[in-house]
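Novice: This structure is in structure tokens; I'll ask about it shortly.
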Amino acid sequence: MRDMAIRMTTGLGLLALGAHEAAGQTAPRNCAPRPTVLERLADSYGETRQSIGLGSNNAVVEVFASVQTGSWTITVTMPDGTTCLVAAGDAFERLDEPRPAGDPA
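Using the working numbering, you'd call the opening residue of the sequence shown number 531 and step up by one each time.
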């Protein structure tokens with residue numbers, strides 16, 4: 531648990547260094563341009579994209595993880611290219627569970 535807290539603090543701090551100004555306002559501290567976020571997730575944690583989906587307001591929601599270390603990060607990217615960290619942790623596992631019988635599509 532302590533390692534996760536340290537990782538989140540470090541990650542947020544690094545992203546804050548790369549935060550940019552958009553429309554005259556400073557981006558939130560846990561956000562940065564998408565290329566900066568992807569580079570840091572890959573270089574610092576060895577994480578690659580594991581899944582993707584479209585959220586509200588055309589926001590792209592992605593899960594990045596390292597199958598070697600088990601670290602994972604959930605991000606949301608807004609249409610303007612700003613990517614924000616939503617959550618991060620450890621013990622990532624890939625699951626391909628079939629839908630239970632009788633579960634509506």
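From the three backbone atoms N, C-alpha and C, an ideal C-beta is built for every residue, glycine too.
1. One question on the structure: do Gln580 and Arg624 come within less than 9 Å of each other, judged by their Cβ atoms?
2. Assign Ala617 to one of three DSSP states: helix, strand, or coil.
3. Going by the beta-carbon positions, is the gap between Thr578 and Ala572 smaller than 9 Å?
4. Give the DSSP-derived three-state secondary structure of Val597 in the structure shown.
5. In chain order, what are the residue ranges of uninterrupted beta strand (DSSP E) at least 3 long that sit wholly in the stretch 561–592?
6. What residue from Cys561, Thr613, Ala631 and Arg559 has the CA that sits closest to Val591's CA?
7. Taking Cβ positions, are Ala589 and Thr607 nearer each other than 9 Å?
8. When you compare only the Cα positions, how much space is there between Arg570 and Gln598?
9. Ala621: buried (16+ other C-beta within 10 angstroms of its C-beta) or exposed?
Specialist: With the structure as the only source:
1. Going by beta carbons, Gln580 and Arg624 fall inside the 9 Å limit.
2. Correct three-state label for Ala617: strand.
3. With contacts defined by Cβ atoms closer than 9 Å, Thr578 and Ala572 form a contacting pair.
4. Three-state DSSP puts Val597 in coil, outside helix and strand.
5. As far as the stretch 561–592 is concerned, its whole beta strand (DSSP E) runs of at least 3 residues are 561–563 and 578–584.
6. It is Thr613.
7. Using a Cβ distance threshold of 9 Å, Ala589 and Thr607 count as a contacting pair.
8. So the two alpha carbons sit approximately 17 Å from each other.
9. Answer is exposed; the Cβ neighbour count stays below 16.
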